[in-house]
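Okay, here's the thing in structure tokens:
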């Protein structure tokens, strides 16, 4: 680990990507993530890489498709409306089983929305990103340091599973500065990319390679889907990550929250503690795969009266919390939308009102 | 130690950089820090602000809802953020251009005529560093030495010539507090 | 012992083509494949297939291939070329793919002077989806979505891709060719070869527009189709070299 430096989330994510071996960046400007392409355009040419500004987000996603298909570590970043434009290309990459990393510094929606931090793209990220039976591995950092650490893992996971990985932050993670330390690349033992198109003269067996998501015969396409789903099963088994904060059996309230909001919830938990109310937090770090079991376990093995999900959305992750808990405890929701950040007092008041129920 | 500081002013008054330098200095002294800016169209011309938290403990939320310190570089900032100050919180205000009195009576107030001091120093660009001096003189949030290191680390190349001016501005802020307040 | 008088290009696989009888895609594929072999770049060629009738082109060209989303072949090719700069990258696109949904992509790949080659097959209609109106459909031409004939007052005039792209400074070679007789085939082959050479020499973006037919959706026999192309398409889409940075004469 190096020296601690104070860095903006966006810039730190970009630096981490380069250190993780990312050599190619294709993107398009949109607030609040512009420091990522700006950093890449400054740094990549100096460090043996290529930065190219695409004419639109959909073009960027398809440049990723081409570069990823040729076997290089490649990424893009955007914010909500731009990610919607990338959706088609992402589906093709999943179908063609290509690794890449996508960063979404989420802003308020729907439509043009605004540029303030939000978590209203959860459903898009974990369920409805694009057409087909698809998943992205979705990583949700709650600090700049965690965003940095997850970037290394994002590239490794993408390569290991040959699937796009999405780092889901928000405007706040992107814009805030915190001290960070960069580790050197993890250098995991990853399988060689023998499937990549680099010209047959570079192919280990001399045979040509095809990067493709089209399988016109239903039987072939089903087989592809079976293969992809098998991969997803492995991801569910191996990659689930979460944090348990002040969790114990004799809590009054169990909070569920991720990313930026989870930090506010941690503050809320300390405040409630001062008033004699015991609360803990389950913070999913992988939003897909979702840490279902840990929610189920605590629903079964805790005296908590209820779960309270807190999000900067109208209620999206709560659906996964409910599915995981499967009726074993009541699940309530508190959220703000449109770029409004929930204030601790609002959450505390709502939590206390629920306890009186 | 746990300080939650809101720094606010017009775009161009250097509150973002002031926040960054204080955060960096605190980090170098082993503190946990976070710096959260307002961003977007208001960055130019309108009001700009940043939330800086300096703490011995890991920082939960980077958003400040109750501040322990407010730095108001102009009148809109005072009007907007005065209510966020805790009881016994500290207000630093730029008395050169803020023509109203704070409405709160349960806080400590330090008035610093930044623009006048800056005029004497011959540059309006360093009013943020005069304020840094005032902040340090009252709160000892970071040491002067560390701030000097931060200047040296950040002002390199063609900017290196501004190091001395920054240090001098900070000293002026400290002196103003020492000469006008009992600390 | 018999003497070999004709051999299929090594630039093509043995997979039987799926194209309709009389369609010119097969001929155009052959010209591209032969060119890659003759320029000795087949083993560093990476092609990008479109969405449209040539969607299965990745099965036919005997080199590394990508299959792109509709209109996005130039973006995909950009990613490939930037990742593998010493490769020879080409896109093979129809008029719906390139001139409608992919207009932005082709304009920007040309503007960037991306060192790739595009083979643009213009037959004035959507073939794969069943004969709908294309951006290149001629005024008055009947299609399944212009059943009364294309009315420019209603949906505009067809636009000329080669002429437009030739105005872009970073294009190196732009030509429109036809393949309906031997003389034109020879010229077409020369243009395609030139386009790839320009890429290999790093001169910039190159594109060859090939006027083509669609007997199936035009409702004509293959022979009638060739006549229709000559009499109707060629006047609107004049053949020629629109840009050639390697010649002092320049454009036409």
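Protein chains in written order, with this note's numbering: chain A, 1 to 357; chain B, 1001 to 1183; chain C, 2001 to 2252. In this text, a Cβ means the ideal position worked out from N, Cα and C, and glycines have one as well. Given the structure is predicted, the values throughout are model-derived calculations rather than measurements.
With distances taken between CB atoms, is the gap from residue 346(A) to residue 334(A) smaller than 9 Å? Taking the first chain and counting its residues from 1, one reaches residue 346(A) at position 346. Taking the first chain and counting its residues from 1, one reaches residue 334(A) at position 334. Against a cut-off of 9 Å, the Cβ pair of residue 334(A) and residue 346(A) comes out as a contact.
Could you tell me if residue 2171(C) is buried or exposed, where buried requires 16 or more neighbouring beta carbons within 10 angstroms of its beta carbon? Start at 1 with the first residue of the third chain, and residue 2171(C) comes out as number 171. It is buried - the Cβ of residue 2171(C) has at least 16 other Cβ atoms within 10 Å.
Please say whether residue 168(A) and residue 287(A) have beta carbons closer to each other than 9 Å? Here residue 287(A) refers to the residue found at position 287 when the first chain is read from its first residue. Here residue 168(A) refers to the residue found at position 168 when the first chain is read from its first residue. Cβ atoms of residue 287(A) and residue 168(A): closer than 9 Å.
Buried or exposed, going by whether 16 or more other CB atoms sit within 10 Å of the CB of residue 2235(C)? Translated into positions along the third chain, residue 2235(C) becomes position 235. Exposed is the call here.
Rounded C-alpha distance that separates residue 2127(C) from residue 2214(C): Counting from one through the third chain, the residue named residue 2127(C) turns up at place 127. Counting from one through the third chain, the residue named residue 2214(C) turns up at place 214. So the two alpha carbons sit approximately 7 Å from each other.
Extent of the continuous beta strand (DSSP E) run through residue 4(A): Here residue 4(A) corresponds to residue number 4 of the first chain, with the count starting at 1. Unbroken run through residue 4(A): none, as it is neither H nor E.
Of the listed residues 2040(C), 2061(C), 2010(C), nearest to residue 210(A) (C-alpha basis): To locate residue 210(A), count along the first chain from 1; it is residue 210. Taking only the C-alpha atoms, the option nearest residue 210(A) is 2061(C).
Counting along the chain, where does the alpha helix (DSSP H) carrying residue 2076(C) start and finish? To locate residue 2076(C), count along the third chain from 1; it is residue 76. Element bounds for residue 2076(C): 2073-2083.
Sort 305(A), 357(A), 69(A), 23(A) by Cα distance to residue 48(A) and report the nearest one. Looking up residue 48(A) in the first chain gives position 48. The candidate whose alpha carbon is nearest that of residue 48(A) is 23(A).
Starting from residue 196(A), trace the beta strand (DSSP E) both ways and give me its first and last residue. By 1-based counting over the first chain, the position of residue 196(A) is 196. No beta strand (DSSP E) holds residue 196(A); DSSP gives it neither H nor E.
Span of the alpha helix (DSSP H) holding residue 349(A)? As a working note, residue 349(A) is residue 349 in the first chain. Note, residue 349(A): alpha helix (DSSP H), 344-355.
Would you report the Cα separation of residue 2055(C) and residue 107(A), rounded to the nearest angstrom? By one-based count along the third chain, residue 2055(C) stands at place 55. By one-based count along the first chain, residue 107(A) stands at place 107. Whole-angstrom Cα-Cα distance: 37 Å.
Given that a residue counts as buried once 16 or more other Cβ atoms are within 10 Å of its Cβ, and exposed if not, what is residue 1022(B)? By one-based count along the second chain, residue 1022(B) stands at place 22. Per the 10 Å Cβ criterion, buried.
Give the single residue among 1008(B), 1153(B), 1158(B), 1155(B) whose Cα lies nearest to the Cα of residue 1064(B). Sequence index remark: in the second chain, residue 1064(B) carries index 64 (1-based). Closest by alpha carbon: 1008(B).
Does the beta carbon of residue 1065(B) come closer than 9 Å to any beta carbon on chain A? Translated into the one-based positions of the second chain, residue 1065(B) becomes position 65. So, interface residue.
Does the beta carbon of residue 2081(C) sit closer than 9 Å to a beta carbon anywhere in chain A? Stepping through the third chain from its first residue, residue 2081(C) is reached at position 81. Yes, residue 2081(C) counts as interfacial toward chain A.
Helix, strand or coil, according to DSSP, for residue 1184(B) in the structure here? Any answer about residue 1184(B) is impossible in this case: the structure gives chain B only from 1001 up to 1183.
Count the other CB atoms within 10 Å of the CB of residue 1030(B); is the residue buried (16 or more) or exposed (fewer)? For the purposes of this step, residue 1030(B) is taken as residue 30 along the second chain, with counting starting at 1. Exposed, by the Cβ-count rule.
Three-state secondary structure (DSSP) of residue 310(A): By 1-based counting over the first chain, the position of residue 310(A) is 310. The answer is strand: DSSP assigns residue 310(A) an E or B state.
Out of curiosity, what's the CA-to-CA distance linking residue 1075(B) and residue 1112(B)? Locating residue 1075(B) in the second chain gives position 75, counting from the first residue. Locating residue 1112(B) in the second chain gives position 112, counting from the first residue. If I take the Cα positions, the gap works out to 13 Å.
Going by other Cβ atoms of all chains shown within 10 Å of its Cβ, with 16 needed for buried, is residue 44(A) buried or exposed? Along the first chain, read from residue 1 onward, the residue named residue 44(A) stands at position 44. With 16 or more other CB atoms across the displayed protein chains lying within 10 angstroms of its CB, residue 44(A) is buried.
Could you tell me if residue 1001(B) is buried or exposed, where buried requires 16 or more neighbouring beta carbons within 10 angstroms of its beta carbon? Looking up residue 1001(B) in the second chain gives position 1. Its Cβ having fewer than 16 others within 10 Å, residue 1001(B) is exposed.
Does residue 2053(C) have its Cβ less than 9 Å from a Cβ in chain A? If you number the third chain from 1, residue 2053(C) lands on position 53. Answer no: the Cβ-Cβ gap between residue 2053(C) and chain A never drops below 9 Å.
Mind listing the chain C neighbours of residue 87(A)? Cutoff is C-beta to C-beta under 7 Å, in chain order. Numbered from its first residue, the first chain carries residue 87(A) at position 87. Residues of chain C passing the Cβ test: none, with the nearest at roughly 11 Å.
What do you get for residue 1152(B), buried or exposed, if any count of 16 or more other CB atoms within 10 angstroms of its CB means buried? For the purposes of this step, residue 1152(B) is taken as residue 152 along the second chain, with counting starting at 1. Flag for residue 1152(B) reads exposed.
What does a CB cutoff of less than 7 Å around residue 285(A) pick up in its chain, not counting 5 residues either side in sequence? By 1-based counting over the first chain, the position of residue 285(A) is 285. Answer for residue 285(A): 139, 140, 241, 242, 243, listed in chain order.
Neighbour list for residue 55(A) in chain C, Cβ cutoff strictly below 7 Å: Your numbering for residue 55(A) matches position 55 in the first chain. Simply 2104, 2108.
Roughly how many angstroms separate the alpha carbons of residue 1011(B) and residue 1082(B), rounded to a whole number? Working through the second chain from its first residue, we reach residue 1011(B) at position 11. Working through the second chain from its first residue, we reach residue 1082(B) at position 82. If I take the Cα positions, the gap works out to 19 Å.
Note down, in chain order, all residues in the segment 2046-2078 of chain C with a beta-carbon under 7 Å from any beta-carbon belonging to chain A. 2046, 2055, 2058, 2062, 2063, 2064, 2065, 2066, 2067, 2068, 2069, 2072, 2075, 2076, 2077, 2078
Using a Cβ-Cβ cut-off of 7 Å (strictly less than) and excluding sequence neighbours within five positions of residue 1138(B), which residues of its own chain qualify? Your numbering for residue 1138(B) matches position 138 in the second chain. Correct list, in chain order: 1090, 1110, 1177, 1183.
Could you tell me whether any Cβ in chain C is nearer than 9 Å to the Cβ of residue 69(A)? By one-based count along the first chain, residue 69(A) stands at place 69. Yes, because at least one Cβ of chain C sits closer than 9 Å to the Cβ of residue 69(A).
For residue 333(A), does the three-state DSSP call read helix, strand or coil? Here residue 333(A) is taken as the residue at index 333 of the first chain, counted from 1. Here residue 333(A) sits in strand by DSSP.
Have a look at residue 2209(C) and residue 2002(C) and give me their C-alpha separation to the nearest angstrom. Here residue 2209(C) refers to the residue found at position 209 when the third chain is read from its first residue. Here residue 2002(C) refers to the residue found at position 2 when the third chain is read from its first residue. Each residue's Cα considered, the two are about 38 Å apart.
May I ask which residues mark the beginning and end of the beta strand (DSSP E) holding residue 2209(C)? Sequence index remark: in the third chain, residue 2209(C) carries index 209 (1-based). Unbroken beta strand (DSSP E) run through residue 2209(C): 2205-2211.
Relative to the C-alpha of residue 1070(B), which candidate in 1049(B), 1056(B), 1055(B) has its C-alpha closest? Walking along the second chain from the start, residue 1070(B) turns up at place 70. It is 1049(B) whose Cα lies nearest to the Cα of residue 1070(B).
Beta bridge counterpart(s) of residue 1050(B) as assigned by DSSP: Taking the first residue of the second chain as position 1, residue 1050(B) is located at position 50. According to DSSP, residue 1050(B) bridges with 1007(B), 1037(B).
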